[in-house]
Amino acid sequence: MTKATVLYEDSQMRGVTNFGPHVLLLKCVADQRLQLESEHELSFQVAFRCFSGVDKLIPKAHLVASRATRVLAPDDDKIREHLGLLPQAAREQVIQILSERTDSEPDNVVLIVRNMDDVARAAAECSGLQLEAGKPALRDRDRACHRLAVADLTARAQFLGRCPSFKELVGRVCALLEA
């Protein structure tokens, strides 16, 4: 039974079933829950969908899962511009507007700072993988997340320390699983 559905803003990963950031999320959730379930078992409880940009995520979010189980995880780097806000708009204001436009619980909106590429860079650094400079290729980004998912708990703890927004996402999913 699905208890949470994470909606990612990632234009390059539509249709992918083994999305690296989601695999890493499941492993971090398993860590937080002290391995009560395996990542495989969690994959049945925590679904995901990737949308080709926030302009697709916002109008379709309400169609994907119930308000109580939907978790929005858009990138933070361009969201204010898309919402017509000033670049310095407060995070809380962005979350409130996204919550209203998607009929989502405000607590279930997590802005990924800055974006998934930064998550992948941190995953690579914490797992000892070297990524080329610039925007990581999709296969490298997924490889970094998959590699960290099979690394030791210490590496993932270090990663969550470097990516507080991803840690917040893990916390939101854990809270939904415990509800």
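Letter by letter, the sequence shown follows residues 3 to 181 of the numbering used here. Just so you know, even glycine gets a beta-carbon here, dropped at the ideal spot from N, CA and C. No experiment lies behind these values; they were computed from the predicted model shown.
Residue environment analysis places F161 among the buried positions, since at least 16 neighbouring C-beta atoms fall within 10 angstroms of its C-beta. Nearest to D79 by C-alpha distance, out of F21, T7, P23, D120, is D120. Here the stretch 4–12 makes contact with the stretch 63–73; the two share three or more CB pairs at distances below 8 Å.
At the C-beta level, I97 and P89 stay beyond 7 Å of one another. If you look at T7, you'll find it in the beta strand (DSSP E) that goes 6–11. Under the three-state reduction of DSSP, L74 is assigned to strand. Bounds of any alpha helix (DSSP H) do not take in C165, whose DSSP letter is neither H nor E. Following the DSSP letters along the chain, one finds A124 inside the alpha helix (DSSP H) bounded by residues 118–129.
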